[in-house]
Amino acid sequence: MVRNDNELGLKTVFGELCIAVASQIERTAKFKTLLKRLQKTLGAIEPLVYGNGSGNLGKVLDRTENEIKMFVFYLENGKELVLMCSSINCWNVYKKFVHACKLVRLDNELHRFFLIGLGDDVISGNRRVLTEIYALGEKMDQVLAAVTERAGGFSSGSSGVPGLPDVIIGLDRHLDELKRRLLKDDNQVLTISAPGGCGKTTLAKMVCHDNEVKGIFGDNIYYVTVSRMATLKGIVQKLFVHHLQENHCEFQTDEEAKNQLENLLRSQMGSENMLLVLDDVWSESESLIQDLKFPIPGYKILVTSRFLFPRFGSPYELSLLKEDDARTLFCHFAFPCGEISNVPDDLVTKMVKHCKGFPLALTVIGASLYGQNVVKWRTTLKKWSEGQTIFDSSSQLLLSLQASVDALEDLPIARECFLDLGSFPEDEKIAASALMDMWVELYGLDEEGMYTCEYLLELSSRNLLSFAPTSKDASELEGYCNEHYVTQHDLIRELAIHLSSQDPISQRERLFIEIHGNHVPAWWIEQSQQPIATRLLSITTDEVFGSSWYDLKAPKVEVLILNIKSQMYALPEFIENMNQLKVLSITSYGICPSELHRLPLIGSLSKLKRIRFEHLTILSSIQSIFELKNLRKLSFIMCEIGNALETCTMDARPMLPNLTELEIDRCYDLIKVPENLCSLDCLEKLSITNCHELEALPKGLGSLSNLEILRLHSCTRLAELPNSIGNLRCLTFLDISDCLSIGSLPDEFGELSGLRVLKMSGCRGLEELPASVTNLTLLEDVICDEETSYLWSYYESDLGDLKINVVEDDRFANFMQIVAQ
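In full-length UniProt numbering, the protein residues as written are 1 to 821.
Following this line, the structure appears as structure tokens:
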């Protein structure tokens, strides 16, 4: 009796499920592919349920009563699930994705319940039908994929997606995150961005071949490789002919092509989803992405590019391979048979390290070493250590990455700026202000840094560097890039060096020299008496360098960059003969500041305009710098300067008569600013920042009559501003943010008649403002924390053009920033 009831219940709910599936196929197109698959499964099972006699069904029902009841309940829920298909909104891609997964699970449960556990004599025919259906489908997919690839990557529906590589390593986690963003993100366009050779195309193919994605978009996955010279008409024609099977596609204009494509998509999609993949889009083709956007629910565009397209939302930036994955990929191509016994493990490790996590580099270098003996491995590494780059070993890798640089042909200065980045050591941050110092003199960029930031952003958009501010409001209102830094992947840096090193050494426009120990390059010794024509000279030395210099004749050098690590460092004597030198940048990358010697050599450089000292110990011999007549900018960054500034005196002649900018940042032993600096008559910008031991400013600060910008932020012990500050009538920008100890502003503060921008967030000791602030009639912006904003609110009505900008007061972040410095 129980079995009869179970049989009746199962037949009833099974029949209702069949009817529900058939009705939904007619009513909705959103899940048609999955519903048809489910209908095929039900059709193959139907003879078991309604066949002659009850023997077959009897074996199905030969289970526990609870299991049968649970499955009947599951089928009832399955019927409701199917009936819900027509109620899912077509624009809700994420909800459709979840619903599709449930339909796939229902189909799998039907297989499990009706076919597993039955004897071959019962289910052989039915199982054979099901097996043959799906096997045929898989074979057709493989055949179509092969035909598609031979025909250039196009076919109808999702089978037009090119096939996947035989080996994919390290992309699974990216696939999961990318699917989540693609299906849940409100943006219609999602971009995968990374330099060439990082696996963007492979990741896009993985998305297209993913079963969950195919469950959402069905056959409406269209894949187009966009060439650099692509046109809208060309892309639309490919879609019409190869994907949408429409041969009548003669378009007179791009606008006609766009309109026809939109109309066709609307008519063919109905209420289904569609995914359009645009692979390898170049910056010149950004407008094509916009042209292919249509307000069609469920329509998504996935773009791969080595460029960033901010107008389409935040890109998915594909990171490089981690160490374990990088080694696995390298070994797959270097040792396809899995035998590495004849190559020492340390050689493999060094090779992988040189590839910097780039999939293409790991692939082509690994393949080039396949079957090679150990000698070949060692000589390759030796060549790289002696100055050759990885690009000398792989033209394929060079062409892939160089394409991004070649795309700068319409921006020649941006290309030159990229090549200059090879001047700095690998794995180190580069201050944007240091780049600005170079580029102002080499290319005539503006001293405010706006063009510098523009070029940096341009290079960043092409994944040739990473560009980021150190703080959220990094000097936006003054348009100054002082608080920005640049980082560059090692392989991209090597590319800059490689492209800069194609000419003979004596003729190179920029020359990068690395000295290990005291071993200078052989060409330097051989050509010590021959002049070189370089304009930019970068010399990098290590911890054990003993400042033993060979002579170098470089009369045309305009920018000299010295990257050092040794505790003691003496300037080379040949610097005296660099008569055209305009920019000198010396940076120590050691743990402790490097003690700098032979500074008086600089005193003879009459054309020197910019000096940047970073992480150095400056001795009293700094006097020679203050004798330079044409120096316009002087920077001390993270330096130990002691009383060196106080020892600088000039008797008859003015001190630094043309200096317009003085920058002192993170100089922790600076306790007070000497009065003699107030004689810098031409000074326009004074930055004394993050000097946490600074207690006082000179009383004569007001003598700097031409000062326009004064930055004092994060001088945490500075207790007051001098009364003479009111004499700075040209001052337009003042930053005293995070000056924790300032308890009051002088009454003369209101005499700053030219002040337009005041930054003072984090001035927690300030309890009131002087009444004279009502005289600041030109003041436009006050950037402060919420507590300080209340002080200004009393005077807001007196200052009609004033805008109070409240910033978040993150005390913990500020404290951690101070500690980190």
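Beta carbons are placed, not taken as given, at the ideal position from N, Cα and C, and that holds for glycine.
Computed from a prediction, not measured in an experiment: that's the story for all the values here.
If distances are taken between C-alpha atoms only, which option among the options comes closest to residue i?
i: residue 37; options: 214, 49, 10; result: 214
i: residue 662; options: 308, 513, 645; result: 645
i: residue 21; options: 34, 355, 178, 9; result: 34
i: residue 443; options: 453, 355, 427, 416; result: 416
i: residue 400; options: 358, 432, 240; result: 358
i: residue 857; options: 312, 423, 274; result: Absent from the structure is residue 857, since the part of the chain shown begins at 1 and ends at 821.
i: residue 291; options: 83, 315, 255; result: 255
i: residue 105; options: 769, 211, 165; result: 211
i: residue 337; options: 352, 349, 367; result: 367
i: residue 182; options: 303, 78, 262; result: 303
i: residue 596; options: 578, 636, 607, 629; result: 636
i: residue 629; options: 510, 660, 507, 274; result: 660
i: residue 77; options: 47, 184, 512, 109; result: 109
i: residue 85; options: 39, 28, 41, 73; result: 28
If you measure between the beta carbons of residue i and residue j, is that distance less than 8 Å?
i: residue 408; j: residue 414; result: yes
i: residue 658; j: residue 683; result: no
i: residue 571; j: residue 605; result: no
i: residue 441; j: residue 582; result: yes
i: residue 610; j: residue 633; result: yes
i: residue 541; j: residue 564; result: yes
i: residue 370; j: residue 333; result: yes
i: residue 711; j: residue 689; result: yes
i: residue 758; j: residue 740; result: no
i: residue 456; j: residue 487; result: no
i: residue 613; j: residue 639; result: yes
i: residue 585; j: residue 594; result: no
i: residue 530; j: residue 558; result: no
i: residue 713; j: residue 735; result: yes
i: residue 394; j: residue 365; result: yes
i: residue 169; j: residue 345; result: no
i: residue 664; j: residue 687; result: yes
i: residue 83; j: residue 13; result: no
i: residue 361; j: residue 197; result: yes
i: residue 411; j: residue 454; result: no
i: residue 828; j: residue 727; result: Any question about residue 828 goes unanswered here, given that the chain covers just 1 to 821.
Which residue marks the beginning of the alpha helix (DSSP H) containing residue i, and which one marks its end?
i: residue 325; result: 323–334
i: residue 790; result: 786–793
i: residue 351; result: 345–354
i: residue 361; result: 359–368
i: residue 496; result: 490–500
i: residue 217; result: 211–217
i: residue 378; result: 374–385
i: residue 174; result: 172–184
i: residue 405; result: 395–406
i: residue 291; result: 286–291
Would you list the one or two residues that DSSP bridges to residue i?
i: residue 519; result: 516
i: residue 31; result: Partner(s): none; residue 31 has no beta bridge.
i: residue 447; result: None; residue 447 has no bridge partner.
i: residue 12; result: Paired residue(s): none; residue 12 is not in a bridge.
i: residue 803; result: 781
i: residue 563; result: 540, 587
i: residue 414; result: The partner list for residue 414 (beta bridge, DSSP) is empty, contrary to what the question assumes.
i: residue 317; result: 193
i: residue 696; result: 672
i: residue 640; result: 617
Counting along the chain, where does the beta strand (DSSP E) carrying residue i start and finish?
i: residue 734; result: 733–735
i: residue 662; result: 661–665
i: residue 711; result: 709–711
i: residue 232; result: That residue, residue 232, is in no beta strand (DSSP E); its alpha helix (DSSP H) goes 232–238.
i: residue 761; result: Taken as a continuous stretch (DSSP letters only), residue 761 belongs to no beta strand (DSSP E), as it is neither H nor E.
i: residue 611; result: 610–614
i: residue 597; result: 594–597
i: residue 553; result: Neither: residue 553 is in no beta strand (DSSP E) and is coded neither H nor E.
i: residue 277; result: 274–279
Given 8 Å as the limit, is there contact between the stretch 181–198 and the stretch 218–227, that is, 3 or more CB pairs closer than that? no
Margin query: Is it the case that the stretch 786–806 contacts the stretch 761–774, given that we only count it when at least three CB pairs across the two stretches are under 8 Å?
Written below: Contact between the stretch 761–774 and the stretch 786–806 is established, with three or more Cβ pairs separated by less than 8 Å.
*Please confirm if the stretch 546–554 is in contact with the stretch 522–529, defined as three or more CB-CB distances below 8 Å between the two stretches.*
yes
Notebook entry, point to check: Can at least three beta-carbon pairs, one atom from the stretch 712–725 and one from the stretch 737–748, be found at a separation below 8 Å?
Noted result: yes
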